[in-house]
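Colleague:
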Ligand code: G3I
């Protein structure tokens with residue numbers, strides 16, 4: 009965006025700048041200043057300087073944290089520059105599709121009887137060969153379920169389907185996986201069910217106890233893995249986020265009280281500045297409440313969408329970087345946080361271009377590295393957050 013280029017009313021509204029719309033469009037400078045007032049984002053002279061050039065994994069490890077990323081066989085096997093960048097910066101790998109029932113070119117479950125571990129094994133072997141740990145994502149979710157599943161599952165066969173899946177998939181890597189997202193996104197405030205549970209094929213066929221069952225089956229199949237409940241939308245200051253955080257906390261309390269073998273909360277942290285209010289104290293309190301249950305916390309899918317940010321790349325990159333640093337500087341104060349995983353390392357492979365594209369069609373810039381695997385201000389921001397974090 010040129011300095012004197014004006015924003016339309018619509019763009020200003022998009023950016024949560026309703027209060028400014030009345031005076032018509034805004035210049036980039038006015039827009040950034042408005043962010044300073046409204047959202048405590050990157051002020052224009054905020055510096056993202058870092059000491060040294062050592063990789064993110066080293067900066068994280070110095071504070072007892074793990075830094076990693078999700079990615080896929082597709083982007084690792086075909087792009088050696090990308091693979092090298094991941095090995096350089098990351099100590100943990102999260103297969104983005106290959107451990108799901110099905111997604112894209114990964115099809116772990118071709119039918120109710122069989123398993124195809126070729127993609128999952130490839131990802132696991134890549135991680136192991138490069139001294140990276142692996143996270144399993146995810147065993148029980150309402151998405152990425154194969155067509156045959158939806159046509160087959162019912163109250164009579166659901167438990168047997170779940171038992172077979174977990175025994176085979178978790179058992180195959182037993183003792184060699186850092187953690188499993190056992191259940192993903194089981195909460196939906198808008199579904200309006202008791203305890204804010206999401207209407208899923210699992211709930212429909214097994215009832216609310218499917219969550220406890222999934223954790224117990226996973227613990228039996230791999231007593232060494234950290235077992236995680238993973239959830240989205242826990243980050244901002246808004247009624248829906250308050251309700252979701254409260255529902256997740258109630259779920260975790262219920263699971264702990266009944267002796268479910270759960271060890272951590274995974275908070276996905278798909279951040280979206282310019283469209284949400286960030287309240288550090290609310291977030292700190294939520295993390296304290298989760299930790300008080302004796303649970304660890306993993307930031308499992310961190311990225312910063314620039315969908316609602318100005319077109320100007322310099323402004324976007326600054327606000328994205330500030331969002332990373334503002335968020336991480338809050339959550340890393342919580343000693344229970346043990347890992348930070350970004351949902352991708354390079355803008356070249358972000359899911360956002362496909363799932364949450366910018367209105368202007370410009371490529372998203374949500375991640376630490378650009379499409380050429382060069383470090384961006386976001387990389388510096390994450391490095392600074394690790395460097396300034398208290399040691400675990
Ligand atoms: O690459 C194939 C393409 O060759 C094929 O023609 C096309 C049609 O089948 O599929 C393409 O793969 C798609 C892939 O994304 C790449 O675009 C898969 O269908 C699609 O299922 C896959 O979506 C993934 C989604 O989870 C569902 O598995 C996204 O990449 C991934 O970023 C997203 O990640 C989720 C987490 O698992 C849970 N938390 C939210 C997060 C974002 O939605």
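Residue numbers (the working numbering): 9 to 400. Glycine included, every Cβ here is placed at the ideal spot set by N, Cα and C.
(1) Just curious, the alpha helix (DSSP H) that residue 178 is in, first and last residue?
(2) Where does residue 234 fall in DSSP's three states?
(3) Would residue 4 and residue 391 be called neighbours here (beta carbons separated by less than 8 Å)?
(4) Do residue 381 and residue 93 have their C-beta atoms closer together than 8 Å?
(5) Determine the DSSP secondary structure at residue 244, reduced to helix, strand or coil.
(6) So what does DSSP say about residue 106, is it helix, strand or coil?
(7) With three or more beta-carbon pairs closer than 8 Å as the criterion, would you say the stretch 152-164 touches the stretch 204-218?
(8) Would you list, in sequence order, the uninterrupted beta strand (DSSP E) runs of no fewer than 3 residues that lie entirely inside the stretch 76-123?
(9) Shorter than 8 Å from the beta carbon of residue 140 to some beta carbon of chain C?
(10) Who are the near neighbours of residue 364 in its chain, counting only those whose CB is closer than 7 Å to its CB and skipping five residues on each side?
(11) Name the one or two DSSP bridge partners that residue 188 has.
(12) Along the chain, where does the beta strand (DSSP E) that runs through residue 131 open and close?
(13) Would you say the beta carbon of residue 157 comes nearer than 7 Å to a heavy atom of the ligand G3I?
(14) Would the stretch 319-330 and the stretch 340-347 be scored as touching if the rule is three or more Cβ pairs under 8 Å?
(15) Pair every Cβ in the stretch 103-117 with every Cβ in the stretch 74-81, then say whether three or more of these pairs are closer than 8 Å.
(16) Under 8 Å: do the stretch 180-187 and the stretch 227-235 share three or more Cβ pairs, one atom per stretch?
(17) Quick check: the Cα distance between residue 38 and residue 318, rounded to an integer number of angstroms?
(18) Examine the ligand G3I and report whether any of its heavy atoms sits within less than 7 Å of the Cβ of residue 192.
(19) In terms of residue numbering, what span does the beta strand (DSSP E) encompassing residue 307 cover?
(20) Looking at the unbroken alpha helix (DSSP H) that takes in residue 299, where does it start and where does it end?
(21) For the stretch 248-287, which segments carrying the beta strand (DSSP E) assignment without a break, of at least 3 residues, lie completely within its bounds, in sequence order?
(22) Suppose the cutoff is 7 Å on Cβ atoms and the five residues either side in sequence are ignored; what does the same chain contact list for residue 31 look like?
(23) What's the C-alpha gap between residue 338 and residue 290?
(24) From what residue to what residue does the alpha helix (DSSP H) around residue 68 run?
(25) For residue 241, count neighbouring Cβ atoms within 10 angstroms of its own Cβ and tell me buried if that reaches 16, exposed if not.
(26) How would you write the range of the beta strand (DSSP E) that residue 219 sits in, first residue to last?
(27) Sort 281, 177 and 274 by Cα distance to residue 299 and report the nearest one.
(28) Confirm the yes/no value for this check: CB of residue 130, any heavy atom of the ligand G3I, distance under 7 Å.
(29) In terms of DSSP beta bridges, what is residue 358 paired with?
(30) My understanding is that residue 335 touches residue 279, with C-beta atoms under 8 Å, so please give their C-beta distance in whole angstroms.
(31) Give me the residue from 287, 222 and 305 with the minimum Cα distance to residue 295.
Modeller: Here's the rundown:
(1) 166-180
(2) strand
(3) An answer regarding residue 4 cannot be provided, because it is not within the stretch 9 to 400 covered by the chain.
(4) Contact flag set, yes.
(5) coil
(6) coil
(7) yes
(8) 100-103
(9) Given the protein chain composition of this structure (a single chain), no chain C is represented.
(10) 313 and 315
(11) DSSP, once it has assigned bridges, lists 144 and 235 as partnering residue 188.
(12) Looking at the DSSP string, residue 131 is not in any beta strand (DSSP E); the run it does join, the alpha helix (DSSP H), is 126-137.
(13) no
(14) no
(15) yes
(16) yes
(17) With a pLDDT of only 49 at residue 38, under the threshold of 50, the placement of this residue in the model should not be trusted; the figure read from the coordinates follows. Answer to the nearest angstrom: the Cα atoms are 12 Å apart.
(18) Yes, the beta carbon of residue 192 sits closer than 7 Å to at least one heavy atom of the ligand G3I.
(19) 304-312
(20) 288-299
(21) 272-275
(22) Caution applies to residue 31, whose pLDDT of 30 falls short of 50 and renders its modelled position unreliable; the model cannot decide the point.
(23) 10 Å
(24) In this chain, the alpha helix (DSSP H) harbouring residue 68 covers 64-69.
(25) Buried, since its Cβ has 16 or more Cβ neighbours within 10 Å.
(26) Residue 219 -> not in any beta strand (DSSP E); alpha helix (DSSP H) instead, spanning 218-229.
(27) 274
(28) It does not: the Cβ of residue 130 is nowhere closer than 7 Å to a heavy atom of the ligand G3I.
(29) BP columns for residue 358 are empty, so no partner.
(30) Between residue 335 and residue 279, the beta carbon gap of about 6 Å places them in contact (Cβ cut-off 8 Å).
(31) 305
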